[in-house]
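Residue numbers (the numbering used here): 363 to 671.
The C-beta atom is built at its ideal place from N, Cα and C for all residues, glycine as well.
For reference, the structure discussed in these notes is given below.
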């Protein structure tokens, strides 16, 4: 595959790193955002674009203000909410979402690496996950690798790797709304929220038929994708996400929707909690491929094989 030059710009005052490829700013990593407590402050990638500059994500949508482009988060951590918004609880009086004063945050600590050699750009970031009571529970090392830019085919890729180490004195229970009683709502981990235009877009996934996102929800295929049309621009795009790997003895399962909004999330704790003991690390590795056109399964499967982890 041919490659084009990457460029990386660090705006220290704005606490943002912007990656450019094919003369297009394709991604901005906001690492110290000014976010309200109820949205569980955390780094995020937004804007997120194709090589032609078309939008691939949404920021603070009215239905879920805590959704911000592409972000790494955890919805249930021993009673703490690092996702944002209300927390799903079993009750009493009955199961449902409840607003609690339990919102944690991810805080910038340091960069181990900010590097760009023209063929790829790499960011290695250290963070602390801090509870609502200001306790450090997790130390994270995450690496973002931007690579594979091919203007002729309209493709670029992002590798996202994270190592989360329990720095608390007690075992941390990593779960989701499904592990707490809500069926088919196992969201936690790396989460991509698609643009409004992708609502009701085509969902294609490894090992699953093309009948819709309902069949993808909770499945364990190697990859899943959403392909849809843009607003304003007379074209479309496809976002391909790989489930990747987890160091936990729990299978990665898909949280996927195309309505009422588009999203993809390779969940490490969809319906089974992970017990992370003091000093133990959870390592997750994922890949995303951004394609500057719509596609169907026959067109997508060769790309999925080419970029497979």
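DSSP three-state call for residue i: helix, strand or coil?
{"i": "residue 511", "result": "strand"}
{"i": "residue 665", "result": "helix"}
{"i": "residue 603", "result": "strand"}
{"i": "residue 365", "result": "In this prediction, residue 365 has a pLDDT of 46, which is less than 50 and means its spatial position is unreliable; what the coordinates show is noted afterwards. If DSSP states are grouped into helix, strand and coil, residue 365 belongs with coil."}
{"i": "residue 758", "result": "Past the edges of the chain, shown from 363 to 671, lies residue 758, and the structure says nothing about it."}
{"i": "residue 558", "result": "helix"}
{"i": "residue 649", "result": "strand"}
{"i": "residue 399", "result": "helix"}
{"i": "residue 594", "result": "coil"}
{"i": "residue 521", "result": "strand"}
{"i": "residue 385", "result": "coil"}
{"i": "residue 637", "result": "strand"}
{"i": "residue 621", "result": "coil"}
{"i": "residue 497", "result": "coil"}
{"i": "residue 482", "result": "coil"}
{"i": "residue 671", "result": "coil"}
{"i": "residue 572", "result": "coil"}
Rounded C-beta distance between residue i and residue j? I'm assuming under 8 Å.
{"i": "residue 600", "j": "residue 655", "result": "7 Å"}
{"i": "residue 437", "j": "residue 465", "result": "About 11 Å; that fails the 8 Å criterion."}
{"i": "residue 604", "j": "residue 631", "result": "Not a contact, Cβ separation roughly 18 Å."}
{"i": "residue 431", "j": "residue 406", "result": "5 Å"}
{"i": "residue 420", "j": "residue 556", "result": "7 Å"}
{"i": "residue 382", "j": "residue 369", "result": "4 Å"}
{"i": "residue 637", "j": "residue 505", "result": "Residue 637 to residue 505, Cβ: 25 Å. No contact."}
{"i": "residue 524", "j": "residue 622", "result": "So it is not a contact: roughly 28 Å between Cβ atoms."}
{"i": "residue 409", "j": "residue 390", "result": "6 Å"}
{"i": "residue 635", "j": "residue 537", "result": "4 Å"}
{"i": "residue 602", "j": "residue 665", "result": "7 Å"}
{"i": "residue 540", "j": "residue 479", "result": "With a Cβ gap of about 42 Å, residue 540 and residue 479 do not count as contacting."}
Run through the DSSP bridge pairs and tell me what residue i is partnered with.
{"i": "residue 567", "result": "586"}
{"i": "residue 502", "result": "489 and 526"}
{"i": "residue 372", "result": "379"}
{"i": "residue 544", "result": "Answer by DSSP bridge pairing: none, since residue 544 is not bridged."}
{"i": "residue 627", "result": "617"}
{"i": "residue 390", "result": "380"}
{"i": "residue 632", "result": "The partner list for residue 632 (beta bridge, DSSP) is empty, contrary to what the question assumes."}
{"i": "residue 676", "result": "One cannot answer for residue 676 here, as it falls past the ends of the chain, which runs 363 to 671."}
{"i": "residue 551", "result": "435"}
{"i": "residue 537", "result": "438"}
Of all Cβ atoms in chain B, is any one closer than 9 Å to the Cβ of residue i?
{"i": "residue 455", "result": "Looking for chain B here will not work: only one protein chain is present."}
As an exercise, report each continuous beta strand (DSSP E) stretch of at least 3 residues that is fully enclosed by the region 404-478, in chain order.
406-410, 432-435, 449-451, 458-460 and 467-478
Looking at C-beta atoms only, is the number of pairs between the region 472-481 and the region 568-585 that lie closer than 8 Å three or more?
no
At least 3 beta-carbon pairs within less than 8 Å: the region 661-669 vs the region 548-557
no
The region 626-641 contacting the region 521-531, beta-carbon criterion three pairs below 8 Å:
yes
Whether or not the region 430-446 and the region 387-404 are in contact is what I'm after, with contact meaning three or more pairs of Cβ atoms, one per stretch, closer than 8 Å; do they touch?
yes
Okay, do the region 447-467 and the region 578-595 touch, 3+ Cβ pairs below 8 Å being the bar?
no
For the structure I just gave you, are there three or more beta carbon pairs, one from the region 409-416 and one from the region 498-518, closer than 8 Å?
yes
Across the region 613-631 and the region 484-493, are there enough close Cβ pairs to call them in contact, namely three or more that are closer than 8 Å?
no
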